[in-house]
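Colleague: Counting in the working numbering, the sequence shown runs from 711 upward without gaps.
The following block contains the structure, expressed as structure tokens.
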Amino acid sequence: MEQNWLTIIIYFGVIVLIFWLLIIRPRKTQEKKQNEMIESLRKGQKVVTIGGLRGTIARVKEDFVQIRVAENTEIEVLPKAIAYLEDDD
Numbered sequence: 711m712e713q714n715w716l717t718i719i720i721y722f723g724v725i726v727l728i729f730w731l732l733i734i735r736p737r738k739t740q741e742k743k744q745n746e747m748i749e750s751l752r753k754g755q756k757v758v759t760i761g762g763l764r765g766t767i768a769r770v771k772e773d774f775v776q777i778r779v780a781e782n783t784e785i786e787v788l789p790k791a792i793a794y795l796e797d798d799d
């Protein structure tokens, strides 16, 4: 009877380890990379928002980022709404 409990605990530990390796660890790495990108935002960078809007950063404030999406058109978005930086090709 005691060995059954030991086996169950070992299986549970293996499942938790696999869950951590496949889900939690990659997600934390992705969040860290996103936060580093947000911290490095500066005026003039080309960005794409999570909604698919493309534009150039016009101003960076603590609570928001202004993005120029067309001439004489700027929008304010939260920094977390920026999905990625566009490459200058």
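Even for Gly, the Cβ is constructed at its ideal location relative to N, Cα and C.
Remember, it's a predicted structure, so these values are computed and weren't measured experimentally.
1) Would you kindly report the start and end of the unbroken alpha helix (DSSP H) that includes Gln755?
2) Glu796 and Val758: beta carbons closer than 9 Å?
3) Could you tell me the distance, in whole angstroms, from the CA atom of Ile792 to the CA atom of Ile748?
4) Using the C-alpha atoms, what's the distance from Gln713 back to Asn745?
5) Measuring only the C-alpha atoms, how far is Gln740 from Ile733?
Modeller: So, to answer that:
1) Here Gln755 belongs to no alpha helix (DSSP H), and DSSP marks it neither H nor E.
2) Yes, Cβ-Cβ distance for Glu796 and Val758 is below 9 Å.
3) Between Ile792 and Ile748, the C-alpha separation is close to 8 Å.
4) Those two C-alpha atoms are separated by around 46 Å.
5) Those two C-alpha atoms are separated by around 11 Å.
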